[in-house]
Amino acid sequence: MNQITKNRRAWVYVIATALTLSILFAVSCATGSPGDGPAPSPVVIEREVVRTVIVEVEKTLVQQAPAPPPVVVERDVVRTVVVEVEKPVVQEVTKVVEVVVTPTPMPPDPTPTPHPDTRVVRDDTGREVEIPYSPERVAVTNSWIVEVLMACDYTPVARPQIPLEFVFPPEAYDILVVAVSHSAGPNIEQLAAVRPDLVLTSPTYGRFAEPIQQALDVPVLIYDVDTVEDVLAKVELLGSMAGCTARAQQAVMDLRSRVEEQQRGLPEPGPSVFGIFGTSESFLGFTSASYLGDMVNLLGGSMITDGDPPYMYRGIPNHAYTPFSLEKVVEQDPEVMLVVRHGSPSETREENFSGLFSNPAWSGLTAAQSGRTHELSEWLYLRYPGPRIVWAMQELRPLLYPDALAESGG
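Numbering follows the numbering used here, in which position 366 of the sequence shown is assigned residue number 370; successive positions increment by one, without gaps.
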């Protein structure tokens, strides 16, 4: 064996050993601890490390070889050895690197879903109605709804025509009016003139909802309030519907806090109460399911009509009221009687109840004898229950507890 061949084998051995150590070092880097940072990719292992070793070996062989031919031979041999050595090692390195550095595919940024133009809502009668997603021109046929919307900083395009002294808040004076009546309902021509995209009404005019929808091609929703909690719920619901959710939620928080303030420091037990309203032709008693009855309960009183049969209106039971029975009132003999006169402004309110008040059975009741028969505002306690619940409770509280509040200076 000549000297060139011996040198060749020696250098091949050196090259293979160096290459193996280099690649094993690369594997060690690729499989390092998580805190070592990301491992190099397979491309770096295969191309950069191997290429560097080959170049250095070629330089050395060229320097050692006496003639060009051995260089070619040695280059081929080196490449063959490198390839054979690197195959299994690079395969393992590739597996490790792919596990370590292959990023988890990230989901694409979600595309914002635009609001639809309309939505379907269910009103208090169970009707499902398609309305604009963000109504801009809301017409109202009941004053309590006007008060609710304006408490949320939303001004409707129409309100019911009522005596100006009963319009609230004062900012509602200039809103265009729509004539309303129990027999004819809201004036459709006046509603059409304000070009509403939504009409809000109450069960009082509920039978006119479908005719209005058909005549104007405008959705109509029917809402009502019977309790203090109903008022708070409607403030949030209608405020959200009108696009002022944050203001509505703040209004509800403020109202709830003030209602709770009225409930503090009351003596127990509360008084028994009878509430009555009507005209000279008929009278109804309030129950705990009514707006007035609910406030009495919240203030610790109890309604003597609880458990009585509901008032039937057009064949539909209304549990907020019960037919008046003087015999039942005499039997229960309530400590407090609350009177809400009802009728058109042309009627004399005194005449509505004159016959009842002059009845010896009525005038002999404990409440009548002790001066605890009180007249309440029809507008505040019957027609337009709404955000003024705190006013109503502030007025009602001393009527139920005159002695206790007088002693406390309340």
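Here a beta-carbon is modelled for each residue, glycine too, at the ideal position from N, C-alpha and C.
Count the other CB atoms within 10 Å of the CB of residue i; is the residue buried (16 or more) or exposed (fewer)?
| i | result |
| --- | --- |
| Ile179 | buried |
| Val239 | buried |
| Ala324 | buried |
| Glu140 | exposed |
| Trp148 | buried |
| Pro389 | buried |
| Val224 | buried |
| Thr370 | exposed |
| Tyr137 | exposed |
| Phe290 | buried |
| Ser37 | Low confidence applies to Ser37: its pLDDT is 47, below 50, so where it sits in the model is not reliable, and the reading given next is rough at best. That one is exposed. |
Please name the residue or residues paired with residue i in a DSSP beta bridge.
| i | result |
| --- | --- |
| Arg205 | The question names Arg, yet the displayed sequence has Thr at residue 205. Partner(s): Ile226. |
| Ser419 | It is not possible to answer for residue 419, since the shown part of the chain is limited to 5 through 414. |
Nearest CA to the CA of residue i: which residue from the options?
| i | options | result |
| --- | --- | --- |
| Leu236 | Arg262, Val224, Pro223 | Arg262 |
| Gly130 | Tyr295, Ala213, Asp337 | Ala213 |
| Ala246 | Ile135, Ser206, Asn191 | Ile135 |
| Val229 | Val125, Pro164, Val152 | Val152 |
| Leu330 | Gln254, Ile308, Tyr317, Phe170 | Ile308 |
| Asp337 | Ser276, Val344, Thr326 | Ser276 |
| Gly189 | Arg392, Pro173, Glu175, Pro215 | Pro215 |
| Ser367 | Val333, Ala252, Leu204 | Val333 |
| Thr256 | Leu404, Val394, Pro120 | The sequence shown places Val at residue 256, not Thr. It is Val394. |
| Gly375 | Trp383, Leu386, Phe361 | Phe361 |
| Ile166 | Tyr158, Val150, Asp157, Thr159 | Val150 |
Have a look at residue i and residue j and give me their C-alpha separation to the nearest angstrom.
| i | j | result |
| --- | --- | --- |
| Glu335 | Asn301 | 21 angstroms |
| His378 | Met341 | 6 angstroms |
| Ala365 | Ser381 | 25 angstroms |
| Gly319 | Asp407 | 43 angstroms |
| Arg401 | Leu259 | 16 angstroms |
| Glu233 | Asn322 | 18 angstroms |
| Pro46 | Cys248 | Bear in mind that a pLDDT of 45 at Pro46, under 50, signals an unreliable position, so the number given afterwards is only what the model happens to contain. Using only the alpha carbons, I get a separation of about 58 angstroms. |
| Gly274 | Gln267 | 12 angstroms |
| Val184 | Gly279 | 27 angstroms |
| Val1 | Arg163 | Nothing can be reported for residue 1, as the shown portion of the chain is limited to 5 through 414. |
Are the Cβ atoms of residue i and residue j separated by less than 8 angstroms?
| i | j | result |
| --- | --- | --- |
| Val161 | Pro200 | yes |
| Thr145 | Tyr209 | yes |
| Leu220 | Ala196 | yes |
| Tyr295 | Thr231 | yes |
| Pro391 | Ala155 | yes |
| Phe357 | Arg345 | yes |
| Glu339 | Gly304 | no |
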